[in-house]
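**Q** These protein sequences, in sequence, are chains P and C. Sequential numbering of the first sequence, starting at 373, is according to the numbering used here. Sequential numbering of the second sequence, starting at 373, is according to the numbering used here.
Number of protein chains: 2
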Amino acid sequence: MQRILSTELAAHAGRTVTVAGWVHRRRLLKSVAFLILRDAAGLAQIVATSAEDRAVLEALTEESVVEVTGTVTANAAAPAGVELTAPTVRVLSAVAVPLPVELHRPAPTGTLPTQLDHAALALRHPARAAALRVAAAATAGFRAALEARRFVEIHTPKIVASATESGANVFRLDYFGRPGYLAQSPQFYKQLMVGVFERVYEVGPVFRAEPHDTARHLAQYTSLDAELGFITDHRDVMAVLRDVVATMVDTVADRTGTPGPGVPEQIPAVHFSEALRIAGAPADEPDLAPAHERALGEWAAREHGSDFVFVTGYPMRKRPFYTHPQPSDPTWSNSFDLLFRGVELVTGGQRLHRYDDYTAALAARGEAVTAYEGYLDGFRYGMPAHGGFAIGLERFVARLLGAANVREVTAFPRDLHRLTP
Amino acid sequence: MQRILSTELAAHAGRTVTVAGWVHRRRLLKSVAFLILRDAAGLAQIVATSAEDRAVLEALTEESVVEVTGTVTANAAAPAGVELTAPTVRVLSAVAVPLPVELHRPAPTGTLPTQLDHAALALRHPARAAALRVAAAATAGFRAALEARRFVEIHTPKIVASATESGANVFRLDYFGRPGYLAQSPQFYKQLMVGVFERVYEVGPVFRAEPHDTARHLAQYTSLDAELGFITDHRDVMAVLRDVVATMVDTVADRTGTPGPGVPEQIPAVHFSEALRIAGAPADEPDLAPAHERALGEWAAREHGSDFVFVTGYPMRKRPFYTHPQPSDPTWSNSFDLLFRGVELVTGGQRLHRYDDYTAALAARGEAVTAYEGYLDGFRYGMPAHGGFAIGLERFVARLLGAANVREVTAFPRDLHRLTP
Chain P
373 MQRILSTELA AHAGRTVTVA GWVHRRRLLK SVAFLILRDA AGLAQIVATS
423 AEDRAVLEAL TEESVVEVTG TVTANAAAPA GVELTAPTVR VLSAVAVPLP
473 VELHRPAPTG TLPTQLDHAA LALRHPARAA ALRVAAAATA GFRAALEARR
523 FVEIHTPKIV ASATESGANV FRLDYFGRPG YLAQSPQFYK QLMVGVFERV
573 YEVGPVFRAE PHDTARHLAQ YTSLDAELGF ITDHRDVMAV LRDVVATMVD
623 TVADRTGTPG PGVPEQIPAV HFSEALRIAG APADEPDLAP AHERALGEWA
673 AREHGSDFVF VTGYPMRKRP FYTHPQPSDP TWSNSFDLLF RGVELVTGGQ
723 RLHRYDDYTA ALAARGEAVT AYEGYLDGFR YGMPAHGGFA IGLERFVARL
773 LGAANVREVT AFPRDLHRLT P
Chain C
373 MQRILSTELA AHAGRTVTVA GWVHRRRLLK SVAFLILRDA AGLAQIVATS
423 AEDRAVLEAL TEESVVEVTG TVTANAAAPA GVELTAPTVR VLSAVAVPLP
473 VELHRPAPTG TLPTQLDHAA LALRHPARAA ALRVAAAATA GFRAALEARR
523 FVEIHTPKIV ASATESGANV FRLDYFGRPG YLAQSPQFYK QLMVGVFERV
573 YEVGPVFRAE PHDTARHLAQ YTSLDAELGF ITDHRDVMAV LRDVVATMVD
623 TVADRTGTPG PGVPEQIPAV HFSEALRIAG APADEPDLAP AHERALGEWA
673 AREHGSDFVF VTGYPMRKRP FYTHPQPSDP TWSNSFDLLF RGVELVTGGQ
723 RLHRYDDYTA ALAARGEAVT AYEGYLDGFR YGMPAHGGFA IGLERFVARL
773 LGAANVREVT AFPRDLHRLT P
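#1: So, helix, strand or coil for Ser645 (chain C), using DSSP?
#2: Could you give the distance in angstroms between the alpha-carbon of Met755 (chain C) and the alpha-carbon of Asp626 (chain C)?
#3: DSSP has Ala420 (chain C) in a bridge; who is on the other side?
#4: By a C-beta neighbour count over all protein chains shown, 10 Å radius and 16 as the cutoff for buried, is Arg496 (chain C) buried or exposed?
#5: If you drop the 5 nearest sequence neighbours on each side, which residues of the same chain put their C-beta closer than 8 Å to that of Leu504 (chain P)?
#6: Would DSSP call Val461 (chain C) helix, strand or coil?
#7: Please list the partners that Arg496 (chain C) has in chain P, where partner means a Cβ-to-Cβ separation under 7 Å.
#8: By DSSP's criteria, Gln592 (chain P) is part of a beta bridge. Which residues make up the other side?
#9: Ignore the nearest five residues each way along the sequence and tell me which others in Asp615 (chain C)'s own chain have a CB closer than 8 Å to its CB.
#10: Using 8 Å for Cβ pairs, my map puts Arg719 (chain P) next to Phe761 (chain P). What's the rounded Cβ distance?
#11: Please return the same chain residues whose Cβ sits closer than 7 Å to the Cβ of Val444 (chain P), not counting the five positions on each side in sequence.
#12: Closer than 9 Å between beta carbons: that is the criterion. Which residues of the stretch 746-770 of chain C meet it against chain P?
#13: How far does the beta strand (DSSP E) with Leu724 (chain C) in it reach, from first residue to last?
#14: Flag this pair as yes or no: are the beta carbons of Leu475 (chain P) and Pro785 (chain P) separated by less than 8 Å?
#15: Under DSSP, the beta strand (DSSP E) around Trp394 (chain C) begins and ends at which residues?
#16: Looking only at its chain, what residues have a beta carbon closer than 8 Å to the beta carbon of Val609 (chain C), apart from the 5 residues adjacent to it on each side?
#17: Please identify, using Cβ separations under 8 Å, the residues of the stretch 546-567 of chain C that lie next to chain P, in order along the chain.
#18: Using 8 Å for Cβ pairs, my map puts Ala413 (chain P) next to Tyr753 (chain C). What's the rounded Cβ distance?
#19: Give the interface partners of Gly414 (chain P) over in chain C, defined as CB-CB distance under 9 Å, in chain order.
#20: What does Thr528 (chain P) touch in chain C if you count any residue whose Cβ is under 8 Å from its own?
#21: Ordered along the chain, which non-local residues of its own chain (more than five positions away) have a Cβ less than 6 Å from that of Val624 (chain P)?
#22: Can a CB atom of chain P be found closer than 8 Å to the CB of Pro793 (chain C)?
#23: Taking the runs of the alpha helix (DSSP H) that are 4 residues or longer, which of them lie wholly in the stretch 647-693 of chain P?
#24: DSSP three-state call for Glu434 (chain C): helix, strand or coil?
#25: So what's Pro551 (chain C) in DSSP terms, helix, strand or just coil?
#26: Counting only beta-carbon separations shorter than 8 Å, does Trp394 (chain P) have a partner in chain C?
#27: Less than 8 Å between the beta carbons of Asp787 (chain C) and Asp585 (chain C), yes or no?
#28: Please confirm whether Tyr562 (chain C) and Ile526 (chain C) have their CB atoms less than 8 Å apart.
#29: Beta-carbon within less than 7 Å of Ala733 (chain P)'s beta-carbon, same chain only, minus the 5 sequence neighbours each way: which residues are those?
#30: Exposed or buried, which one is Val642 (chain P) when buried takes at least 16 other CB atoms within 10 Å?
#31: Looking at Gly552 (chain C): is its Cβ nearer than 8 Å to the Cβ of Ala533 (chain C)?
#32: Give me the Cα-Cα distance between Thr379 (chain C) and Ala450 (chain C), rounded to the nearest whole angstrom.
#33: With Pro472 (chain P) and Thr486 (chain P) assumed to form a contact (beta carbons below 8 Å), what rounded beta-carbon distance in angstroms separates them?
#34: Let's test the definition: count the other Cβ atoms within 10 Å of the Cβ of Leu400 (chain C) and tell me whether it reaches 16, buried, or not, exposed.
#35: On the criterion of 16 or more Cβ atoms from any shown chain inside 10 Å, does Ala423 (chain C) qualify as buried, or is it exposed?
#36: Within its chain, find whatever has a CB closer than 7 Å to the CB of Ala499 (chain P); leave out the 5 residues flanking it on each side and keep chain order.
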């Protein structure tokens, strides 16, 4: 018999159907026994009243894969108002070992390390799986917003010849006998591809050999990158980012039912120098501390009713060498951060687009051009003014869901201590 | 003035507009001078008749980025029937060096190595850019087909603790002082995620330390992976793959105008033993040689009018250890290749889904379970019968376009000799 999903049961009331999935939970009461079956769509309740049916349910083990044929029967107390009665159970794959993580409680049992050690099991918990569905929806929203604005998807090298953004925190590998490095971002490649398509995006892994063991650092994460040419300055990039974030939040809500924050048509924006004043920080602070970002989040909520706020113009000395300075005062930059509820969510800005500006910027920082030669070559051949941004997918999802640790919303996280599973 | 795209010119006949892009080509005739401007959408013809306007065009260099304001004037001989007259040209980014690759000829000039050395420039050639648009469209089609069939997108680790599919051809790296490896495929992770979502897909880079310097091997390529659970056998996977390939071909045609092959509702399928007979190969051949695949392609075209043919049941000893044997005769496997015009395009099959079957399969091959422990752990906790497939994006595009070398359709290829740009 053709299998149906748990969510389709209600449409089959009175009929005999087959469902299949995992033994999520059993409840063996005195007069009746329940099997809660979990499939990709949700949960189904199966009821055994006869001694024979009950014995079958008693013999099952949690997480075994089973196929159940039974009659769809109305029961107001069951999920979606129906349950399966008079079941015939066929075990497709039996679990013969104790479960290191239990899945039928509101949160997975066991410490986070135990959950991560047994990720293939722990990710089946509905809350954990839901977070990954949010990630998939956010990614789909990112793509949809950009495709609608004539951005072209690209795939760029993850093995590079030199550390790109900074020499530190880079994984080194043996590339056919030569040193190679894992790319910390597709930054340079997406810029060069502006010369081909004007507007490009990439969804892909980036790698940071983060020596910090914190709740928000991963050695590999998924970067949602976009870059666009023929801009006037960073404000054109911010306008695209606003629309992208709005579509991401909407797509998450549509697909998963996770309510998201409202994204204002015009997200409030403050210059870095003004941001310091609002946050009550000294005027010569080079960067925003977490406390400052929180204060700015509160200010945006209070003054603008917004969960989001842009901070623009970060000091040039705190931004990477490819950052475009603010034309009116090159102490500042045409860059921005987007804060969400007082925490940095996205970084972006306008980039340099002329070869001579790159060589001057590197010289001013005492860096050799040679390390960037293959990349800079492209800027000799005509590049328009351009800029872009990068969203860390796992951080975005963690902040949207209020997860304390980014590992809770990552399928198989990689960090300082973890290389398996 | 708001910039419009080259393709929008015809809709603005008689008006003054601004376009922007790259100096694709200049033609300086006796009585008139033409500037062909290239933007993301196409080409625009700009005409200078006065001595002053002509001098401006003469001073330009190819690939410089310019903004041109002029009057849209009908001219049946111009692209889309319009050209821009009485132009005012503003140079946004001037090219001051000779171009190592010329872009205005039917194919980029220079050898393939020269083109690859200057990829940021060479990829601007309309033919090269078009191939990357085909790749983007094929990827969009892959996703759309799977999303419509309730597959969930996942992102999995690219750094792993042990070589997955075979010990050879793997890149080794220093992972915080321990040995780590670049993933050769998301195989194990996508299988484990079937336990979470039943149906999953991933678009991401995979890495092979290929010691072969051929026209079809890359050290990094983009793998389009799918895996689905609750199947009867590999034929359920083949049915999904057929629909995925059809959607990919259709999306490429819709978005890029590249005509694709027809994909039959039912792609002909032959068992490996029968395939040998058709190809005229000895019955004890362990694998299909390229000549055999070509013969099968001709057979499928002749007998079934199909560009595609499935070969099923490859000998178990030629398939990876996770392959599910053919139940009626375990010499053969529940696996398949999809051939396109006589060349292998996709590999897939049903996988083992019970822990004990994995340990037995590894023992039979004399391999230790320990190397796969983190991965096999998940199979202790209940997995349904499942299978999947992987499509190499660059190979798919190369075969669709008839490109001789996969590097022609890859943005910044990585191979035995090439780690830059």
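Beta carbons: idealized from backbone N, C-alpha and C, even for Gly.
**A** So, from the data block:
#1: Numbered from its first residue, the second sequence carries residue 645 (chain C) at position 273. Taken through DSSP and simplified to helix, strand or coil, Ser645 (chain C) comes out as helix.
#2: Stepping through the second sequence from its first residue, residue 755 (chain C) is reached at position 383. Stepping through the second sequence from its first residue, residue 626 (chain C) is reached at position 254. When rounded, the distance between both Cα atoms is 38 Å.
#3: Mapped onto the second sequence, residue 420 (chain C) falls at position 48. DSSP lists C:Ala405 as partners of Ala420 (chain C).
#4: For the purposes of this step, residue 496 (chain C) is identified with residue 124 of the second sequence, where counting begins at 1. Counting Cβ neighbours within 10 Å, Arg496 (chain C) comes out buried, since at least 16 surround it.
#5: Indexing the first sequence from 1 puts residue 504 (chain P) at position 132. Hits under 8 Å: Leu495, Val781 and Ala783.
#6: Stepping through the second sequence from its first residue, residue 461 (chain C) is reached at position 89. Three-state result, Val461 (chain C): strand.
#7: Taking the second sequence and counting its residues from 1, one reaches residue 496 (chain C) at position 124. Within 7 Å Cβ-Cβ: Gly567 and Val568.
#8: Indexing the first sequence from 1 puts residue 592 (chain P) at position 220. DSSP output for Gln592 (chain P) lists P:Phe579 as bridge partner(s).
#9: If you number the second sequence from 1, residue 615 (chain C) lands on position 243. Ala517 and Arg521.
#10: Locating residue 719 (chain P) in the first sequence gives position 347, counting from the first residue. Locating residue 761 (chain P) in the first sequence gives position 389, counting from the first residue. The displayed chain sequence assigns Thr, not Arg, to residue 719 (chain P). Yes, Thr719 (chain P) and Phe761 (chain P) are in contact; Cβ-Cβ is about 7 Å, under 8 Å.
#11: Within the first sequence, the letter at position 72 stands for residue 444 (chain P). Excluding the 5 residues flanking it on each side, Val444 (chain P) has same chain C-beta neighbours closer than 7 Å at Leu381, His384, Ala385, Gly386, Arg387, Val389, Val454 and Leu456, in chain order.
#12: Gly746, Tyr747, Asp749, Gly750, Phe751, Arg752, Tyr753, Gly754, Met755, Pro756, Ala757, Leu765 and Glu766
#13: Numbered from its first residue, the second sequence carries residue 724 (chain C) at position 352. Leu724 (chain C) -> no beta strand (DSSP E), and no H or E assigned at all.
#14: Mapped onto the first sequence, residue 475 (chain P) falls at position 103. Mapped onto the first sequence, residue 785 (chain P) falls at position 413. No, the pair does not count as a contact, with Cβ atoms beyond the cut-off.
#15: Taking the second sequence and counting its residues from 1, the one referred to as residue 394 (chain C) is at position 22. First-last of the beta strand (DSSP E) with Trp394 (chain C): Thr388 to Leu400.
#16: The residue you call residue 609 (chain C) lines up with position 237 of the second sequence. These residues qualify, in order along the chain: Leu600, Ile603, Phe708, Gly720, Gly721, Gln722, Gly759, Gly760 and Phe761.
#17: Asp546, Tyr547, Phe548, Arg550, Gly552, Leu554, Tyr561, Leu564, Met565 and Gly567
#18: On the first sequence, position 41 is the one that residue 413 (chain P) refers to. On the second sequence, position 381 is the one that residue 753 (chain C) refers to. That belief does not hold up - the Cβ atoms of Ala413 (chain P) and Tyr753 (chain C) are roughly 20 Å apart, past 8 Å.
#19: On the first sequence, residue 414 (chain P) is found 42 positions in, with the first residue counted as 1. Chain C residues near Gly414 (chain P): none, gap ~12 Å exceeds 9 Å.
#20: Your numbering for residue 528 (chain P) matches position 156 in the first sequence. Those are Ala783 and Phe784, listed as they occur along chain C.
#21: Start at 1 with the first residue of the first sequence, and residue 624 (chain P) comes out as number 252. Same-chain partners within the cutoff: Val506, Ala509, Ala510, Thr630 and Gly632.
#22: Against the second sequence, residue 793 (chain C) aligns to sequence position 421. It does: the Cβ of Pro793 (chain C) has a partner Cβ on chain P nearer than 8 Å.
#23: 662-676
#24: Here residue 434 (chain C) corresponds to residue number 62 of the second sequence, with the count starting at 1. Note: Glu434 (chain C) maps to coil in three-state DSSP.
#25: Your numbering for residue 551 (chain C) matches position 179 in the second sequence. Correct three-state label for Pro551 (chain C): strand.
#26: As a position in the first sequence, residue 394 (chain P) is number 22, starting the count at 1. With 8 Å as the cut-off, Trp394 (chain P) counts as an interface residue toward chain C.
#27: One-based indexing of the second sequence puts residue 787 (chain C) at position 415. One-based indexing of the second sequence puts residue 585 (chain C) at position 213. A contact, by the Cβ cut-off of 8 Å.
#28: Here residue 562 (chain C) refers to the residue found at position 190 when the second sequence is read from its first residue. Here residue 526 (chain C) refers to the residue found at position 154 when the second sequence is read from its first residue. One point to set straight first is that residue 562 (chain C) is Lys, not Tyr, in the sequence displayed. A contact, by the Cβ cut-off of 8 Å.
#29: Position 361 of the first sequence, counting from 1, holds the residue named residue 733 (chain P). Within the same chain, Ala733 (chain P) has close Cβ partners Phe693 and Leu724.
#30: Residue mapping note: residue 642 (chain P) aligns to position 270 of the first sequence, counting from 1. Around the C-beta of Val642 (chain P), 16 or more other C-beta atoms lie within 10 Å, and the residue is accordingly described as buried.
#31: Residue mapping note: residue 552 (chain C) aligns to position 180 of the second sequence, counting from 1. Residue mapping note: residue 533 (chain C) aligns to position 161 of the second sequence, counting from 1. Contact: yes.
#32: Locating residue 379 (chain C) in the second sequence gives position 7, where the first residue counts as 1. Locating residue 450 (chain C) in the second sequence gives position 78, where the first residue counts as 1. So the two alpha carbons sit approximately 12 Å from each other.
#33: Within the first sequence, residue 472 (chain P) is the residue found at index 100, counting from 1. Within the first sequence, residue 486 (chain P) is the residue found at index 114, counting from 1. That belief holds up - the Cβ atoms of Pro472 (chain P) and Thr486 (chain P) are roughly 6 Å apart, short of 8 Å.
#34: On the second sequence, residue 400 (chain C) is found 28 positions in, with the first residue counted as 1. Its Cβ having fewer than 16 others within 10 Å, Leu400 (chain C) is exposed.
#35: As a position in the second sequence, residue 423 (chain C) is number 51, starting the count at 1. Burial call: exposed.
#36: Here residue 499 (chain P) refers to the residue found at position 127 of the first sequence. Closer than 7 Å at Cβ, skipping near neighbours: Ala479.
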